[in-house]
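When the letters of the sequence shown are read in order and numbered with our numbering, they come out as residues 11 to 80.
Using N, Cα and C, we set each Cβ at its ideal position, and we do this for glycine too.
Note that the structure is predicted; figures quoted are calculated from it, not measured.
Notes to accompany the following structure.
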Amino acid sequence: MLGTLVKAGVRVLAYSCDQDSVIPLTGTRTLLSGLAKDLALNTAEVYKVWLESGQVGGWTEVYGEGLLTF
11 MLGTLVKAGV
21 RVLAYSCDQD
31 SVIPLTGTRT
41 LLSGLAKDLA
51 LNTAEVYKVW
61 LESGQVGGWT
71 EVYGEGLLTF
């Protein structure tokens with residue numbers, strides 16, 4: 011389903027949490043990097059820290075010029 015949305019040009023933003031025991035952060039990241047590879051999306055922004063007011067708010071990675079963001 012995500013692949014269909016991205017192919018249609020719909021921007022997808024996926025959230026994940028390090029405390030999620032059902033779908034952990036690593037699972038979401040693996041799923042999205044695999045999807046980006048399958049859709050031949052380039053890495054627009056490499057996996058990096060996201061800061062809010064100087065504090066770590068999380069981590070982010072962007073594929074396909076913003077079509078798929080994690």
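According to DSSP, is residue i part of a helix, a strand, or is it coil?
i   : result
L49 : coil
V16 : helix
G43 : Per the sequence presented here, residue 43 reads as Ser, with Gly not at that position. S43: helix per DSSP, three-state reduction.
Using the C-alpha atoms, what's the distance from residue j back to residue i?
i   : j   : result
S26 : G19 : 22 Å
T38 : Q29 : 13 Å
G13 : L45 : 7 Å
Sort out for me which residues DSSP pairs residue i with in a bridge.
i   : result
R61 : It is worth fixing the name first, because residue 61 is Leu in this sequence and not Arg. V66, per the DSSP bridge assignment.
N55 : As written in the sequence, residue 55 is Glu, which differs from the Asn given in the question. In DSSP, E55 forms a bridge with V72.
T79 : L23, V72
Our contact map puts residue i next to residue j with C-beta atoms below 8 Å; I'd like the distance itself, whole angstroms only.
i   : j   : result
L71 : V59 : Note on residue identity: the sequence assigns Glu, not Leu, to residue 71. The Cβ separation is near 11 Å, so there is no contact.
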